[in-house]
Amino acid sequence: MWDFFEAVVLGTIQGLTEFLPISSSAHLRIFPEMFGWGDPGAAFTAVIQIGTELAVLIYFREDIWRIGSTWLKSLVRPEYRGHLDARMGWFIIIGSLPIVLLGVALKDVIEQDFRSLWIIGTTLIVLGVILGIADRVSRSNKQIKQITLRDAVLMGVAQACALVPGVSRSGATISMGRFLGYEREAATRYAFLLAIPAVVGAGLFELKEIPHGDNTYGWGPTIVATVISFVVGYAAIAWLLRYVSTKSYTPFVLYRVALGALVLVLVATGVLNA
(Lines of atoms letter the chains of each structure in order from A and count residues from 1; the text may use other names and numbers.)
(Lines give C-alpha, C1' and ligand atoms only; values in the text may rest on other atoms or scores of the structure.)
Protein backbone atom coordinates (compact mmCIF):
# COMPACT_ATOMS: atom_id res chain seq x y z
CA MET A 1 0.00 0.00 0.00
CA TRP A 2 2.91 2.34 0.67
CA ASP A 3 3.83 2.19 -3.02
CA PHE A 4 0.36 3.52 -3.87
CA PHE A 5 0.74 6.39 -1.41
CA GLU A 6 4.05 7.30 -3.02
CA ALA A 7 2.40 7.05 -6.43
CA VAL A 8 -0.30 9.55 -5.40
CA VAL A 9 2.34 11.99 -4.17
CA LEU A 10 4.48 11.61 -7.29
CA GLY A 11 1.46 11.86 -9.59
CA THR A 12 0.49 15.11 -7.88
CA ILE A 13 4.03 16.46 -8.25
CA GLN A 14 4.04 15.49 -11.94
CA GLY A 15 0.70 17.19 -12.56
CA LEU A 16 1.76 20.37 -10.79
CA THR A 17 5.19 20.67 -12.39
CA GLU A 18 4.83 19.35 -15.95
CA PHE A 19 3.47 22.58 -17.41
CA LEU A 20 5.12 25.08 -15.10
CA PRO A 21 8.63 25.97 -16.34
CA ILE A 22 10.29 24.29 -13.34
CA SER A 23 10.99 20.75 -14.67
CA SER A 24 8.75 17.86 -13.66
CA SER A 25 11.55 15.32 -14.21
CA ALA A 26 13.78 17.22 -11.76
CA HIS A 27 11.06 17.19 -9.11
CA LEU A 28 10.41 13.48 -9.64
CA ARG A 29 14.11 12.88 -9.04
CA ILE A 30 14.64 15.32 -6.15
CA PHE A 31 11.63 14.81 -3.89
CA PRO A 32 11.68 11.00 -3.72
CA GLU A 33 15.35 11.30 -2.76
CA MET A 34 14.45 13.79 -0.03
CA PHE A 35 11.73 11.48 1.29
CA GLY A 36 14.09 8.52 1.24
CA TRP A 37 12.13 6.70 -1.46
CA GLY A 38 14.99 6.51 -3.95
CA ASP A 39 14.95 7.26 -7.67
CA PRO A 40 11.62 6.13 -9.22
CA GLY A 41 13.42 5.64 -12.54
CA ALA A 42 13.28 7.17 -15.99
CA ALA A 43 10.63 4.72 -17.22
CA PHE A 44 8.19 5.61 -14.42
CA THR A 45 8.81 9.32 -15.06
CA ALA A 46 8.19 8.99 -18.79
CA VAL A 47 5.05 6.88 -18.46
CA ILE A 48 3.21 9.04 -15.92
CA GLN A 49 3.83 12.04 -18.19
CA ILE A 50 1.28 10.44 -20.51
CA GLY A 51 -1.33 11.51 -17.94
CA THR A 52 -0.41 15.15 -18.19
CA GLU A 53 -0.25 14.99 -21.98
CA LEU A 54 -3.74 13.48 -22.00
CA ALA A 55 -4.77 16.63 -20.12
CA VAL A 56 -3.22 18.68 -22.95
CA LEU A 57 -5.08 16.64 -25.58
CA ILE A 58 -8.40 17.26 -23.86
CA TYR A 59 -7.79 20.90 -22.94
CA PHE A 60 -6.62 21.81 -26.46
CA ARG A 61 -8.88 19.30 -28.24
CA GLU A 62 -10.40 21.92 -30.55
CA ASP A 63 -7.01 23.32 -31.55
CA ILE A 64 -5.55 19.83 -32.02
CA TRP A 65 -8.51 18.64 -34.10
CA ARG A 66 -8.38 21.75 -36.28
CA ILE A 67 -4.62 21.51 -36.82
CA GLY A 68 -4.66 17.76 -37.40
CA SER A 69 -7.59 17.74 -39.80
CA THR A 70 -6.28 20.70 -41.80
CA TRP A 71 -2.81 19.15 -42.00
CA LEU A 72 -4.27 15.88 -43.31
CA LYS A 73 -6.36 17.76 -45.89
CA SER A 74 -3.26 19.64 -47.01
CA LEU A 75 -1.61 16.36 -47.98
CA VAL A 76 -4.15 15.77 -50.76
CA ARG A 77 -5.79 19.15 -51.39
CA PRO A 78 -3.45 21.97 -52.53
CA GLU A 79 -5.80 24.75 -51.41
CA TYR A 80 -5.10 23.86 -47.76
CA ARG A 81 -1.30 23.86 -48.00
CA GLY A 82 -0.83 27.53 -47.16
CA HIS A 83 -3.29 27.46 -44.29
CA LEU A 84 -1.95 28.38 -40.84
CA ASP A 85 -3.18 25.14 -39.26
CA ALA A 86 -1.58 23.03 -41.99
CA ARG A 87 1.71 24.82 -41.46
CA MET A 88 1.32 24.45 -37.69
CA GLY A 89 1.00 20.69 -38.16
CA TRP A 90 4.29 20.60 -40.07
CA PHE A 91 5.96 22.89 -37.51
CA ILE A 92 5.01 20.57 -34.63
CA ILE A 93 6.27 17.52 -36.54
CA ILE A 94 9.55 19.19 -37.52
CA GLY A 95 9.99 20.73 -34.08
CA SER A 96 9.59 17.30 -32.47
CA LEU A 97 12.38 15.68 -34.48
CA PRO A 98 15.36 16.96 -32.40
CA ILE A 99 14.06 15.59 -29.09
CA VAL A 100 12.98 12.29 -30.67
CA LEU A 101 16.30 11.66 -32.44
CA LEU A 102 18.44 12.70 -29.47
CA GLY A 103 16.18 10.83 -27.04
CA VAL A 104 16.72 7.55 -28.90
CA ALA A 105 20.44 8.14 -29.47
CA LEU A 106 21.15 9.15 -25.85
CA LYS A 107 18.69 6.83 -24.08
CA ASP A 108 21.26 5.15 -21.81
CA VAL A 109 22.97 8.42 -20.87
CA ILE A 110 19.62 10.09 -20.13
CA GLU A 111 18.48 7.25 -17.88
CA GLN A 112 21.75 7.07 -15.95
CA ASP A 113 24.30 9.91 -16.07
CA PHE A 114 21.82 12.77 -16.63
CA ARG A 115 19.88 11.84 -13.48
CA SER A 116 22.72 12.97 -11.20
CA LEU A 117 21.52 15.56 -8.70
CA TRP A 118 24.68 17.58 -9.42
CA ILE A 119 23.47 18.02 -12.99
CA ILE A 120 19.85 18.62 -12.00
CA GLY A 121 20.72 21.28 -9.42
CA THR A 122 22.94 23.08 -11.92
CA THR A 123 20.43 23.00 -14.78
CA LEU A 124 17.67 24.27 -12.51
CA ILE A 125 19.74 27.36 -11.78
CA VAL A 126 21.21 27.95 -15.25
CA LEU A 127 17.95 27.50 -17.16
CA GLY A 128 16.11 29.52 -14.55
CA VAL A 129 18.44 32.45 -15.21
CA ILE A 130 18.02 31.98 -18.97
CA LEU A 131 14.21 32.02 -18.60
CA GLY A 132 14.43 35.21 -16.57
CA ILE A 133 16.64 36.93 -19.16
CA ALA A 134 14.44 35.77 -22.06
CA ASP A 135 11.30 37.02 -20.36
CA ARG A 136 12.88 40.40 -19.63
CA VAL A 137 14.41 41.12 -23.06
CA SER A 138 11.57 39.75 -25.19
CA ARG A 139 9.88 42.23 -27.50
CA SER A 140 6.56 40.39 -27.00
CA ASN A 141 5.33 41.46 -30.43
CA LYS A 142 4.58 38.05 -31.98
CA GLN A 143 1.48 35.90 -31.73
CA ILE A 144 1.33 32.17 -32.35
CA LYS A 145 -0.11 32.75 -35.84
CA GLN A 146 3.16 34.43 -36.83
CA ILE A 147 5.31 31.36 -36.24
CA THR A 148 7.77 30.50 -39.02
CA LEU A 149 9.73 27.39 -39.93
CA ARG A 150 12.91 28.89 -38.49
CA ASP A 151 11.17 29.62 -35.18
CA ALA A 152 9.67 26.12 -35.08
CA VAL A 153 13.10 24.54 -35.58
CA LEU A 154 14.72 26.74 -32.92
CA MET A 155 12.00 25.99 -30.38
CA GLY A 156 12.28 22.29 -31.25
CA VAL A 157 16.02 22.36 -30.56
CA ALA A 158 15.34 24.17 -27.27
CA GLN A 159 12.79 21.53 -26.28
CA ALA A 160 15.39 18.81 -26.92
CA CYS A 161 17.52 20.30 -24.13
CA ALA A 162 14.86 19.02 -21.72
CA LEU A 163 16.27 15.51 -22.15
CA VAL A 164 18.47 16.64 -19.27
CA PRO A 165 16.35 16.62 -16.09
CA GLY A 166 16.17 20.07 -14.57
CA VAL A 167 15.97 21.93 -17.87
CA SER A 168 12.14 21.77 -18.20
CA ARG A 169 10.51 21.04 -21.53
CA SER A 170 8.08 23.93 -21.27
CA GLY A 171 10.72 26.22 -19.75
CA ALA A 172 13.22 25.65 -22.56
CA THR A 173 10.61 26.09 -25.31
CA ILE A 174 9.11 29.16 -23.64
CA SER A 175 12.57 30.70 -23.18
CA MET A 176 13.34 30.31 -26.88
CA GLY A 177 9.90 31.62 -27.78
CA ARG A 178 10.43 34.69 -25.62
CA PHE A 179 13.89 35.30 -27.13
CA LEU A 180 12.22 35.15 -30.56
CA GLY A 181 9.73 37.82 -29.48
CA TYR A 182 6.57 35.79 -28.85
CA GLU A 183 4.03 36.90 -26.28
CA ARG A 184 4.00 34.90 -23.05
CA GLU A 185 0.67 33.20 -23.74
CA ALA A 186 1.68 32.39 -27.34
CA ALA A 187 5.02 30.89 -26.29
CA THR A 188 3.34 28.90 -23.51
CA ARG A 189 0.53 27.60 -25.71
CA TYR A 190 2.95 26.51 -28.43
CA ALA A 191 5.17 24.80 -25.83
CA PHE A 192 2.18 22.69 -24.76
CA LEU A 193 1.32 21.69 -28.33
CA LEU A 194 4.94 20.96 -29.29
CA ALA A 195 5.40 18.63 -26.32
CA ILE A 196 2.57 16.26 -27.29
CA PRO A 197 4.38 14.00 -29.83
CA ALA A 198 7.58 13.77 -27.78
CA VAL A 199 6.01 13.09 -24.39
CA VAL A 200 3.40 10.61 -25.62
CA GLY A 201 6.03 8.86 -27.74
CA ALA A 202 8.50 8.64 -24.86
CA GLY A 203 5.83 7.31 -22.51
CA LEU A 204 4.71 4.60 -24.94
CA PHE A 205 8.35 3.72 -25.67
CA GLU A 206 9.06 3.21 -21.95
CA LEU A 207 5.91 1.18 -21.19
CA LYS A 208 7.79 -2.06 -21.66
CA GLU A 209 10.22 -1.08 -18.88
CA ILE A 210 7.56 -0.77 -16.15
CA PRO A 211 7.50 -4.45 -15.04
CA HIS A 212 11.29 -4.44 -14.79
CA GLY A 213 14.27 -2.20 -15.60
CA ASP A 214 15.34 0.71 -13.40
CA ASN A 215 11.87 1.72 -12.17
CA THR A 216 10.85 1.37 -8.52
CA TYR A 217 7.14 0.80 -9.12
CA GLY A 218 5.02 -1.79 -10.90
CA TRP A 219 1.91 -1.36 -13.02
CA GLY A 220 -0.54 -0.58 -10.20
CA PRO A 221 1.24 2.44 -8.69
CA THR A 222 2.28 3.64 -12.16
CA ILE A 223 -1.36 3.70 -13.34
CA VAL A 224 -2.46 5.51 -10.17
CA ALA A 225 0.27 8.14 -10.59
CA THR A 226 -0.69 8.60 -14.25
CA VAL A 227 -4.37 9.19 -13.41
CA ILE A 228 -3.50 11.65 -10.64
CA SER A 229 -1.11 13.52 -12.93
CA PHE A 230 -3.91 13.89 -15.51
CA VAL A 231 -6.38 15.42 -13.04
CA VAL A 232 -3.87 17.79 -11.44
CA GLY A 233 -2.25 18.62 -14.79
CA TYR A 234 -5.55 19.68 -16.37
CA ALA A 235 -6.09 22.22 -13.59
CA ALA A 236 -2.48 23.42 -13.90
CA ILE A 237 -2.86 24.17 -17.64
CA ALA A 238 -5.88 26.39 -17.09
CA TRP A 239 -4.20 28.23 -14.23
CA LEU A 240 -0.91 28.83 -16.05
CA LEU A 241 -2.50 30.21 -19.22
CA ARG A 242 -4.51 32.67 -17.13
CA TYR A 243 -1.44 33.58 -15.09
CA VAL A 244 0.94 34.32 -17.99
CA SER A 245 -1.61 36.52 -19.74
CA THR A 246 -0.97 39.23 -17.14
CA LYS A 247 2.14 38.27 -15.14
CA SER A 248 5.82 37.43 -15.73
CA TYR A 249 7.75 34.20 -15.13
CA THR A 250 9.80 35.80 -12.32
CA PRO A 251 8.36 33.64 -9.49
CA PHE A 252 9.29 30.49 -11.41
CA VAL A 253 12.81 31.84 -12.02
CA LEU A 254 13.31 32.53 -8.31
CA TYR A 255 11.92 29.12 -7.37
CA ARG A 256 14.22 27.32 -9.82
CA VAL A 257 17.31 29.10 -8.57
CA ALA A 258 16.40 28.52 -4.91
CA LEU A 259 15.61 24.82 -5.42
CA GLY A 260 18.73 24.27 -7.52
CA ALA A 261 20.92 25.91 -4.88
CA LEU A 262 19.29 23.85 -2.13
CA VAL A 263 19.87 20.62 -4.04
CA LEU A 264 23.54 21.43 -4.62
CA VAL A 265 24.05 22.27 -0.95
CA LEU A 266 22.33 19.07 0.23
CA VAL A 267 24.38 16.94 -2.16
CA ALA A 268 27.63 18.70 -1.21
CA THR A 269 26.96 18.13 2.48
CA GLY A 270 26.03 14.48 1.97
CA VAL A 271 22.38 14.86 2.96
CA LEU A 272 21.30 13.67 -0.49
CA ASN A 273 22.92 11.00 -2.61
CA ALA A 274 23.76 12.41 -6.05
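Residue numbers (UniProt numbering): 1 to 274. Where is the CB? At the ideal position from N, CA and C, for every residue including glycine.
With respect to the C-alpha of residue 50, the residue from 185, 19 and 97 having the closest C-alpha is 19.
Residue burial annotation: residue 247 is exposed, with fewer than 16 other C-beta atoms found within 10 angstroms of its C-beta.
Residue 86 counts as buried, since at least 16 other C-beta atoms from the protein chains shown sit within 10 angstroms of its C-beta. Inter-residue distance for residue 235 and residue 107 is about 31 angstroms (C-alpha atoms, whole angstroms). Between residue 103 and residue 122, the alpha-carbon positions lie close to 21 angstroms from each other. Per DSSP, the beta-bridge partners of residue 142 are 182.
For residue 83, the closest alpha carbon among the candidates 125, 145 and 262 is that of 145. With respect to residue 45, residue 28 sits close: the two C-beta atoms are nearer than 8 angstroms. For the 8 angstroms CB-CB criterion, residue 117 and residue 271 do not form a contact. 48 is the residue among 148, 12, 65 and 48 whose C-alpha sits nearest the C-alpha of residue 200.
For the 8 angstroms CB-CB criterion, residue 172 and residue 162 form a contact. Beyond the five residues adjoining it in sequence on each side, residue 253 comes within less than 6 angstroms, by CB distance, of 128, 131 and 132 in the same chain, given in chain order.
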